[in-house]
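Student: All letters in the sequence shown, in the order written, are residues 0 to 72 by numbering that gives the first Met the number 0.
Right, I'll just put the structure down here and ask away after.
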Amino acid sequence: MTHLEEIALTIDEFEAIRLADFMELYHEDAAKKMKISRQTFGRILQNAHKKVAESLIRGKALKIETNDKEESV
Numbered sequence: 000m001t002h003l004e005e006i007a008l009t010i011d012e013f014e015a016i017r018l019a020d021f022m023e024l025y026h027e028d029a030a031k032k033m034k035i036s037r038q039t040f041g042r043i044l045q046n047a048h049k050k051v052a053e054s055l056i057r058g059k060a061l062k063i064e065t066n067d068k069e070e071s072v
């Protein structure tokens, strides 16, 4: 993947996808777990979905940014 253009997914965006799409929580419940408003959760999730879609459609590497390092997926 060293030659692919990269898209960075923040840790909050990753967590929003995990809670909403993988754990199948309602947005309100997921927002409470993240200690943010439902509106903020929705905005973070929308940004995350857009980045994942761009990665899939355009063949870009998806990087998950953490506080100490980045992980490519």
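Built from N, CA and C at the ideal position, the CB exists for glycine as well.
Keep in mind that this is a model prediction, so the values were computed, not measured.
Identify which residue in H2, T39, I10 has its Cα closest to the Cα of T65.
Tutor: What you label residue 65 is simply residue 66 of the sequence shown in a count that begins at 1. Nearest C-alpha to T65: I10.
Student: Just to confirm before moving on: does the CB-CB distance between A15 and I43 stay below 7 Å?
Tutor: Locating residue 15 in the sequence shown gives position 16, counting from the first residue. Locating residue 43 in the sequence shown gives position 44, counting from the first residue. Yes, they are a contact pair.
Student: Run the CB neighbour count on A30, radius 10 Å, all protein chains shown included, and call it buried at 16 or more, exposed below.
Tutor: For the purposes of this step, residue 30 is taken as residue 31 along the sequence shown, with counting starting at 1. With 16 or more other Cβ atoms within 10 Å, it is buried.
Student: Leaving out five residues before and five after G41 in sequence, what residues of the same chain have Cβ atoms less than 7 Å from its Cβ?
Tutor: Within the sequence shown, residue 41 is the residue found at index 42, counting from 1. Hits under 7 Å: H26.
Student: Could you check whether I56 and F13 sit closer than 7 Å to each other, using their CB atoms as the reference points?
Tutor: Translated into positions along the sequence shown, residue 13 becomes position 14. Translated into positions along the sequence shown, residue 56 becomes position 57. No. Outside cutoff.
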